[in-house]
Amino acid sequence: MLSCSPTHHHLSHSCTLLRSGWSLKDRRGVITVEVKARKRTPRTKRCRNSTFAALDFFRRKIATSGAVDDILAVVSDTNRGCSTSRTQRASIDAAIGTLEGAGNDASLFNKGLSATWKLLWTTEKETLFIIRNANLFRTTAGEVYQIIDTDKATLQNVIVFPPQGAFVIETKIEQSGDQRVTFEFEKAVLKLPKRDIKLPPYGKGWFDNVYLDNRLRVSKDIRGNVLITARDGPPRSVI
1244 MLSCSPTHHH LSHSCTLLRS GWSLKDRRGV ITVEVKARKR TPRTKRCRNS
1294 TFAALDFFRR KIATSGAVDD ILAVVSDTNR GCSTSRTQRA SIDAAIGTLE
1344 GAGNDASLFN KGLSATWKLL WTTEKETLFI IRNANLFRTT AGEVYQIIDT
1394 DKATLQNVIV FPPQGAFVIE TKIEQSGDQR VTFEFEKAVL KLPKRDIKLP
1444 PYGKGWFDNV YLDNRLRVSK DIRGNVLITA RDGPPRSVI
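Residues 1244 to 1482 (the working numbering) make up the sequence shown, in order.
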């Protein structure tokens, strides 16, 4: 407490510092303003809170790892989404729900997103149509990639038609939130062994990275489509 006693004729004060608060004294009485010291958390309680936090962290890590393993096991038998049963879809949705609630590094746009991502499973009708009907181009659908380079702000969708063909869409991207990425198509090309067929670019929109780690990325776009991809090295040309 700080006790200050003014003189009768001027404003000089004599002050005493005490521990419990501030006290201002005059001839008519005492006005006291209490300043409460911060209550210290007992050491045992702090240790208990730290233990609970550590246990919660490991619980979420275990749940996340299990959900990723579940997704990898289920989607391996769906032909990238072309032949997904109701039971498989329910399992995938449940695992994605676990990943969304577990916490992850999906907000690390400039660190974790740049990569060559190989398609494992999707609900996107256009991609599934091309995979199912690649015979229209007298070929079969090979790997499907999404190549993201955040330094260059580019995203390239590639459907490979072995041995020398591909359908390529070039896109510009921009981060617009912790998880959200906006995009706008710039050009599309159907690459054939003897010539390239340029197609008009179409559309723009956004997608959210609802889960992202060193193995897997799960995203949902503006239309509600789900994309599950596996990390396949740094950004690179695949054609």
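Using N, Cα and C, we set each Cβ at its ideal position, and we do this for glycine too.
Contact defined as beta carbons within less than 8 Å: I believe residue i pairs with residue j. What is the distance between those atoms, to the nearest angstrom?
i, j, result
"residue 1481", "residue 1432", "That belief does not hold up - the Cβ atoms of residue 1481 and residue 1432 are roughly 14 Å apart, past 8 Å."
"residue 1430", "residue 1413", "5 Å"
"residue 1358", "residue 1391", "6 Å"
"residue 1409", "residue 1368", "Not a contact, Cβ separation roughly 20 Å."
"residue 1426", "residue 1437", "Residue 1426 to residue 1437, Cβ: 31 Å. No contact."
"residue 1310", "residue 1338", "4 Å"
"residue 1457", "residue 1474", "6 Å"
What's the gap between the Cα of residue i and the Cα of residue j?
i, j, result
"residue 1331", "residue 1324", "10 Å"
"residue 1317", "residue 1364", "10 Å"
"residue 1448", "residue 1395", "18 Å"
"residue 1361", "residue 1418", "21 Å"
"residue 1477", "residue 1328", "33 Å"
"residue 1462", "residue 1382", "29 Å"
"residue 1373", "residue 1393", "27 Å"
"residue 1405", "residue 1387", "11 Å"
"residue 1487", "residue 1371", "Here the chain comprises residues numbered 1244 to 1482, so residue 1487 is not present and cannot be evaluated."
"residue 1424", "residue 1356", "10 Å"
"residue 1466", "residue 1445", "15 Å"
"residue 1377", "residue 1307", "35 Å"
"residue 1340", "residue 1322", "22 Å"
"residue 1450", "residue 1397", "14 Å"
"residue 1385", "residue 1454", "25 Å"
"residue 1464", "residue 1389", "14 Å"
"residue 1301", "residue 1345", "Bear in mind that a pLDDT of 46 at residue 1301, under 50, signals an unreliable position, so the number given afterwards is only what the model happens to contain. Taking the straight line from one Cα to the other gives about 11 Å."
Quick one: what does DSSP say residue i is sitting in, helix, strand or coil?
i, result
"residue 1368", "helix"
"residue 1464", "strand"
"residue 1320", "coil"
"residue 1479", "coil"
"residue 1356", "coil"
"residue 1343", "helix"
"residue 1394", "coil"
"residue 1381", "coil"
"residue 1307", "helix"
"residue 1373", "helix"
"residue 1330", "helix"
"residue 1265", "Any reading at residue 1265 must be qualified, since the residue scores a pLDDT of 44, below 50, and its modelled position is unreliable; no value is offered."
"residue 1335", "helix"
Going by alpha carbons, who is nearest to residue i out of the options?
i, options, result
"residue 1342", "1326, 1312, 1439, 1386", "1312"
"residue 1439", "1455, 1454, 1407", "1407"
"residue 1459", "1421, 1378, 1470", "1470"
"residue 1421", "1400, 1337, 1378, 1452", "1452"
"residue 1366", "1468, 1337, 1472", "1468"
"residue 1320", "1424, 1308, 1335", "1335"
"residue 1472", "1377, 1401, 1344", "1401"
"residue 1326", "1385, 1428, 1450, 1375", "1375"
"residue 1443", "1411, 1385, 1454", "1411"
"residue 1428", "1384, 1399, 1455", "1399"
What beta strand (DSSP E) runs, 3 residues minimum, are completely inside the stretch 1430-1460? 1439-1442, 1447-1455
Going residue by residue through the stretch 1400-1424, where are the continuous beta strand (DSSP E) segments of at least 3 residues, counting only ones entirely within it? 1408-1418
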